[in-house]
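Trainee:
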Amino acid sequence: MSTQSENLVIKVGGSPLETPEFIALKAEFNKLNHPARPEVSWTLIESLCLTLFKNHGIDLQSGIYYTMARLQLHGLSGFTEGCELLASVVVTQWEHLWPEQPHHRADILNWFNSRAGSTLRQLTFDTNDLRLIYRSERALQLIIDKLAQTTWSKVPKLENLLWFFQNSAKNLEQREDSLSKIKSQAVKLPPLVYIQQPKAQQEPPIQSIVIETPAPSEPAPLPIHDKMSATKGFLIGVIASAVVFASIGYPIYYSLKQALVATTSVPEGAAAHWLFKPELASYSDSLNLLEKQSPVFSLKQSDALVDTAKRLWPNDADQAYASRNWQNLITTRLDNAPIDNSWSETSSLLQQLSDKIVMQERNRGSFTLSYLKTAIYDIQKQHNKSTPVEEKLREFALQIESGQPISPTLISNIDGQINGLLARYYELQKQAEKQGLKPNSY
Numbered sequence: 001m002s003t004q005s006e007n008l009v010i011k012v013g014g015s016p017l018e019t020p021e022f023i024a025l026k027a028e029f030n031k032l033n034h035p036a037r038p039e040v041s042w043t044l045i046e047s048l049c050l051t052l053f054k055n056h057g058i059d060l061q062s063g064i065y066y067t068m069a070r071l072q073l074h075g076l077s078g079f080t081e082g083c084e085l086l087a088s089v090v091v092t093q094w095e096h097l098w099p100e101q102p103h104h105r106a107d108i109l110n111w112f113n114s115r116a117g118s119t120l121r122q123l124t125f126d127t128n129d130l131r132l133i134y135r136s137e138r139a140l141q142l143i144i145d146k147l148a149q150t151t152w153s154k155v156p157k158l159e160n161l162l163w164f165f166q167n168s169a170k171n172l173e174q175r176e177d178s179l180s181k182i183k184s185q186a187v188k189l190p191p192l193v194y195i196q197q198p199k200a201q202q203e204p205p206i207q208s209i210v211i212e213t214p215a216p217s218e219p220a221p222l223p224i225h226d227k228m229s230a231t232k233g234f235l236i237g238v239i240a241s242a243v244v245f246a247s248i249g250y251p252i253y254y255s256l257k258q259a260l261v262a263t264t265s266v267p268e269g270a271a272a273h274w275l276f277k278p279e280l281a282s283y284s285d286s287l288n289l290l291e292k293q294s295p296v297f298s299l300k301q302s303d304a305l306v307d308t309a310k311r312l313w314p315n316d317a318d319q320a321y322a323s324r325n326w327q328n329l330i331t332t333r334l335d336n337a338p339i340d341n342s343w344s345e346t347s348s349l350l351q352q353l354s355d356k357i358v359m360q361e362r363n364r365g366s367f368t369l370s371y372l373k374t375a376i377y378d379i380q381k382q383h384n385k386s387t388p389v390e391e392k393l394r395e396f397a398l399q400i401e402s403g404q405p406i407s408p409t410l411i412s413n414i415d416g417q418i419n420g421l422l423a424r425y426y427e428l429q430k431q432a433e434k435q436g437l438k439p440n441s442y
């Protein structure tokens, strides 16, 4: 393993869900499923994993995240190091690893098998990689043997990775044997004929060219001054250094200070700065700044980014492509959150039915069954036009309470609906601002 991880003493941790490192890890890996396909920072993922291991401890999920980052950054050698770390933790700490639920562990390992397999199949190996392949094969075999001891009904198919390495090793061994046989065959060479070349005539030495310069005229004697004292020289040096700093260093310092102030004046920048250098004195202020942040702050920042890029590079193709992709994403979010009147219509129909019942009760009237069926059908039709995000959150809570695996589709739908609502909310704010109707407090 790398030097950075060799000197790191790793313990087994509990649930990392509330740690800032794990939250940042989830945000990076969620980019893999994002429709805009933003770039994933594998260097950041590796750094976050090592910080999490140091401060909180290792778990199955973060261990696999670390292995994937090493694979992306360092290829086969990185995968081998990460896989050996996983094997060590799984074999020795299986009973204490988070998550404890078998179906969650199975989902994590199946995800690892799929992602790592697709990445490894894009690599090319040679005979020099055999040692690393043997090590990876051994680590995977240890994990598979440990999984075989469980009582799971469906064991993750890590054998696919094992078979991949076994086949790769077999092909490389055959290639190595072929190369060895070729090298071992005796090669007969025809006798070499040497033709004596006539001795080259000794070339005359090249004469060096010397440019004669006129002798300098004797300089006039310089006036003799008193020798400068050490104290006076020191003071002159200090003054000169101060002048240089004032003319060069201070503008740089001032520019960096202004950049830091601009970064920490926004909630995300202040939080990132605090996480980089936690201070108890500024802890409360950082939380208060986040609490005052508008839910559409990131959309405002995105608009500012797009406007600035268009102003600075109006004719650049990369700028136009990125800006167009962002605008398409916002349009998609707005399409996912149209202004729907189903709740209002349902409320109106219920009120009409309630008023009708009260009126008939006062007049001692009655309803036909057909009328009630029609009224209820109209209400249900309006009610089922769309499923509000609150209902999906209720489904989310029920799955957690029942211990069921959380559906990735449900998470994706909730993310899409919330992002759509925020985009629609921001769009309405901009319309109100254009018409001078937006409150000053927003």
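Under UniProt numbering, the first residue of the sequence shown carries the number 1, and numbering increases by one thereafter. Idealized CB from N, CA, C, for every residue including glycine.
1. On the DSSP letters alone, give me the boundaries of the alpha helix (DSSP H) that A337 sits inside.
2. Touching or not, the segment 72-87 and the segment 22-37, by the rule of three or more beta carbon pairs under 8 Å?
3. So which of K157, A139, D340 and E95 has the shortest CA-CA distance to S88?
4. Between D415 and G14, what straight-line distance do the alpha-carbon atoms span, to the nearest angstrom?
5. Can you tell me which of the three DSSP states I10 falls into?
6. How is I58 classed by DSSP in three states: helix, strand or coil?
7. If you check the beta carbons only, do H104 and V12 fall under 8 Å apart?
8. Can you tell which of E395, T374, G403 and W326 has the C-alpha that lies nearest to the C-alpha of R37?
9. Report the option in E137, L52, P388 and R175 whose CA atom is closest to the CA atom of I418.
10. Is it buried or exposed for Y377, if we count other Cβ within 10 angstroms and need 16 for buried?
11. Can you tell me whether DSSP reads K381 as helix, strand or coil?
12. According to DSSP, simplified to helix, strand and coil, what is I236?
13. Using the Cβ count rule (16 or more neighbours within 10 Å means buried), how would you classify R70?
14. Given R135, which residues of its chain have a CB within under 7 Å of its CB, disregarding the five upstream and five downstream residues?
15. Pick out whichever of E137, A148 and W111 has its Cα sitting closest to the Cα of residue 450.
16. Given that a residue counts as buried once 16 or more other Cβ atoms are within 10 Å of its Cβ, and exposed if not, what is T67?
17. Could you say which of L421, E39, H34 and F22 lies nearest to C49 if we only look at CA atoms?
18. Can you list, in chain order, the residues of its chain whose CB lies under 7 Å from that of N413, leaving out five sequence neighbours each side?
19. Do T346 and H383 count as a contact pair if the criterion is CB distance below 8 Å?
20. Between the segment 115-131 and the segment 166-174, can you find at least three pairs of beta-carbon atoms closer than 8 Å?
21. Within its chain, find whatever has a CB closer than 6 Å to the CB of L147; leave out the 5 residues flanking it on each side and keep chain order.
Mentor: Result, derived from the coordinates:
1. Along the sequence shown, read from residue 1 onward, the residue named residue 337 stands at position 337. Boundaries cannot be given for A337, as no alpha helix (DSSP H) includes it and DSSP labels it neither H nor E.
2. no
3. Counting from 1 along the sequence shown, the entry for residue 88 is found at position 88. If we check each option's Cα against that of S88, A139 comes out closest.
4. In the sequence shown, the residue the question calls residue 415 occupies position 415. In the sequence shown, the residue the question calls residue 14 occupies position 14. Computed Cα separation, rounded: 27 Å.
5. Here residue 10 is taken as the residue at index 10 of the sequence shown, counted from 1. Looking at I10 - three-state DSSP - the assignment turns out to be coil, as it is neither helix nor strand.
6. What you label residue 58 is simply residue 58 of the sequence shown in a count that begins at 1. Shown here, I58 sits in a strand according to DSSP, grouped into three states.
7. In the sequence shown, counting from the first residue as 1, residue 104 sits at position 104. In the sequence shown, counting from the first residue as 1, residue 12 sits at position 12. Not a contact, by the Cβ cut-off of 8 Å.
8. The residue labelled residue 37 in the question sits at position 37 within the sequence shown. Taking only the C-alpha atoms, the option nearest R37 is W326.
9. As a first step, residue 418 is located in the sequence shown; it is residue number 418 there, counting from the start. Answer by Cα proximity: P388.
10. For the purposes of this step, residue 377 is identified with residue 377 of the sequence shown, where counting begins at 1. The residue is exposed, with fewer than 16 neighbouring Cβ atoms inside 10 Å.
11. For the purposes of this step, residue 381 is taken as residue 381 along the sequence shown, with counting starting at 1. Assignment of K381 by DSSP, reduced to helix, strand and coil, places it in the helix class.
12. As a position in the sequence shown, residue 236 is number 236, starting the count at 1. Looking at I236 - three-state DSSP - the assignment turns out to be helix.
13. Numbered from its first residue, the sequence shown carries residue 70 at position 70. Counting Cβ neighbours within 10 Å, R70 comes out buried, since at least 16 surround it.
14. Walking along the sequence shown from the start, residue 135 turns up at place 135. Contacts found: T80 and E84.
15. Outside the displayed span of the chain (1 to 442) sits residue 450, for which this structure offers no information.
16. Here residue 67 is taken as the residue at index 67 of the sequence shown, counted from 1. T67 comes out buried.
17. Numbered from 1 along the sequence shown, position 49 holds the residue referred to as residue 49. Of the candidates L421, E39, H34 and F22, the one whose C-alpha sits nearest the C-alpha of C49 is F22.
18. Looking up residue 413 in the sequence shown gives position 413. For N413, where only same-chain residues beyond five positions count, the Cβ hits under 7 Å are K392.
19. Translated into positions along the sequence shown, residue 383 becomes position 383. Translated into positions along the sequence shown, residue 346 becomes position 346. The beta carbons of H383 and T346 sit closer together than 8 Å.
20. yes
21. Stepping through the sequence shown from its first residue, residue 147 is reached at position 147. Excluding positions up to five away in sequence, the list reads V155.
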